[in-house]
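J.: First the structure, then my questions, so here it is.
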Amino acid sequence: MNTLDYICIGIAIVALLAAVIVVISYRQRTKKTLAKISGMLDAAIDDSFVEGVFDESALSAVEAKLARYLSICAVSSKNLLTEKDKIKGLISDISHQTKTPIANILLYSQLLSEHELPVDCMVCVKALSAQAEKLNFLISALVKTSRLETGIITVSPQQEAVQRLLDDARQQIMPKAEAKGISVAVEDTELSACFDLKWTTEAVYNIIDNAVKYTESGGSITIKAIPYELFCRIDITDNGIGIAEHEQSKIFTRFYRSADVSNQEGVGIGLFLAREILAAEGGYIKVSSVLGRGSTFSVFLPTTK
1 MNTLDYICIG IAIVALLAAV IVVISYRQRT KKTLAKISGM LDAAIDDSFV EGVFDESALS
61 AVEAKLARYL SICAVSSKNL LTEKDKIKGL ISDISHQTKT PIANILLYSQ LLSEHELPVD
121 CMVCVKALSA QAEKLNFLIS ALVKTSRLET GIITVSPQQE AVQRLLDDAR QQIMPKAEAK
181 GISVAVEDTE LSACFDLKWT TEAVYNIIDN AVKYTESGGS ITIKAIPYEL FCRIDITDNG
241 IGIAEHEQSK IFTRFYRSAD VSNQEGVGIG LFLAREILAA EGGYIKVSSV LGRGSTFSVF
301 LPTTK
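Numbering (this note's numbering), first residue to last: 1 to 305.
Here you go:
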């Protein structure tokens, strides 16, 4: 090999070393920038993000844009929390301001009903009492749904025995069911699922209450639990009036009531509230029905968190 060959080899080695150094340097800068971005995202998640100063390199320009975006998000998040607090206060005010007047109306109507009144006056007193009860239920349901939707109320799912849920819901509905001569049978089960006992009991109660409302005197309601791999399914089956197919997708919307049942008591919010509660804990609800033959509402509760 002559001198020129050695010079070429030397230049090649130097160029290779320079390339390696450049690549390593670039990778380290990239790694450092990614670490900064990761730290920024962690700070944003922890709600402790503070916008800093960055140089003008290409990657730092990305950092700066991300920082501005996170800063805007932080402001928006604070604004949302402020609005949420305002809504929370408004809901509490509505609940508080309406509770006492309605309670007074119910009390006075009860006192009036205990006196000997003309027949037409007694009819008016009973109507007043019934409408006050309806208004009380409506406001209570509206407050609950509003609190769920705004996150003021949060469900706390825990591993619970399904039997306890069904027994609690049945116990609450029995006075209404017995008044109509409707039997409510619960099949024993050893299944467990992940749900908030208090709120899920209310959801299941609302569904059974709906079944009692639209089942004729002497009818029956059966409740059973069925195990699935990821869910526990609870079927609530009645032999009531049933639901037309074109209405089955509408009954879970707020205030929806079929024209066929307009003469029945209710405000069309129980099933909506049940759906909201179940959705909040990772479950869902389905319905199958044949008009004139009854309905089955299926509640699906996750078996684990």
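Even for Gly, the Cβ is constructed at its ideal location relative to N, Cα and C.
For a test of the three-state rule: what should DSSP assign to Phe255, helix, strand or coil?
T.: Phe255 falls in the coil class under three-state DSSP.
J.: Put Asp196 into one of helix, strand or coil per three-state DSSP.
T.: Reduced to three states, the DSSP call for Asp196 is coil.
J.: Are Ala244 and Leu191 touching if we call contact CB-CB under 8 angstroms?
T.: No; because the gap between Cβ atoms is not below 8 angstroms, this pair is not in contact.
J.: Are the beta-carbon atoms of Thr296 and Ile208 separated by less than 8 angstroms?
T.: It is not a contact, given that the beta carbons lie outside the stated cut-off.
J.: Beta strand (DSSP E) containing Glu160: first to last residue?
T.: Segment Gln158 to Ala161, the beta strand (DSSP E) holding Glu160.
J.: Have a look at Lys305 and Glu281 and give me their C-alpha separation to the nearest angstrom.
T.: The alpha-carbon atoms of Lys305 and Glu281 are separated by roughly 9 angstroms.
J.: Any beta carbon from chain D within less than 8 angstroms of Pro175's own beta carbon?
T.: You won't find chain D in this structure, because it holds only one protein chain.
J.: On the DSSP bridge assignment, give the partners of Asp238 in chain order.
T.: Answer is Ile221 and Ser295.
J.: Does Phe306 pass the burial test, meaning 16 or more other C-beta atoms within 10 Å, or should it be called exposed?
T.: This structure cannot speak to residue 306, because the chain is shown only from 1 to 305.
J.: DSSP state of Ile182, grouped into three classes?
T.: Residue state, collapsed to three classes: coil.
J.: Which residue marks the beginning of the alpha helix (DSSP H) containing Ile277, and which one marks its end?
T.: Its alpha helix (DSSP H) spans residues Gly270 to Ala280.
J.: Would you give the residue range spanned by the beta strand (DSSP E) that Val290 belongs to?
T.: Unbroken beta strand (DSSP E) run through Val290: Tyr284 to Val290.
J.: When the Cα of Thr154 is compared with those of Lys144, Val22, Gln163 and Glu160, which residue comes out closest?
T.: When only C-alpha atoms are compared, the closest one is Lys144.
J.: By a C-beta neighbour count over all protein chains shown, 10 Å radius and 16 as the cutoff for buried, is Ile11 buried or exposed?
T.: Exposed, since its Cβ has fewer than 16 Cβ neighbours within 10 Å.
J.: Please confirm whether Ile269 and Ala130 have their CB atoms less than 8 angstroms apart.
T.: Taking 8 angstroms as the Cβ cut-off, Ile269 and Ala130 do not qualify as a contacting pair.
J.: Can you name, in chain order, every residue of its own chain whose Cβ lies under 6 angstroms from the Cβ of Tyr214, other than the five neighbours on each side?
T.: If we look at Tyr214 and ignore the five residues flanking it on each side, its Cβ neighbours are Gly240 and Ile241.
J.: Bridge partners for Leu301 per DSSP, in chain order?
T.: For Leu301, which the question treats as bridged, DSSP gives the partners Cys232.
J.: Using a 10 Å radius around the Cβ and a threshold of 16 neighbouring Cβ atoms, would you call Ser183 buried or exposed?
T.: Answer is exposed; the Cβ neighbour count stays below 16.
J.: I'd like to know whether the C-beta atoms of Ile285 and Leu148 end up nearer to each other than 8 angstroms.
T.: Going by C-beta atoms, Ile285 is not nearer than 8 angstroms to Leu148.
J.: Considering only C-alpha positions, which residue in the set Ser217, Pro302 and Leu271 is nearest to Asp196?
T.: Selected option, being the one with the closest Cα: Pro302.
J.: Measure the CB-CB distance between Thr189 and Ala169 and report whether it falls below 8 angstroms.
T.: For Thr189 and Ala169, no; Cβs fall outside 8 angstroms.
J.: Write down the C-beta distance between Ala211 and Asp238 rounded to the nearest angstrom, noting that I regard them as a contact closer than 8 angstroms.
T.: With 8 angstroms as the limit, Ala211 and Asp238 qualify as a contact, their Cβ atoms being about 4 angstroms apart.
J.: Is the beta carbon of Ala132 closer than 8 angstroms to that of Ser109?
T.: A contact, by the Cβ cut-off of 8 angstroms.
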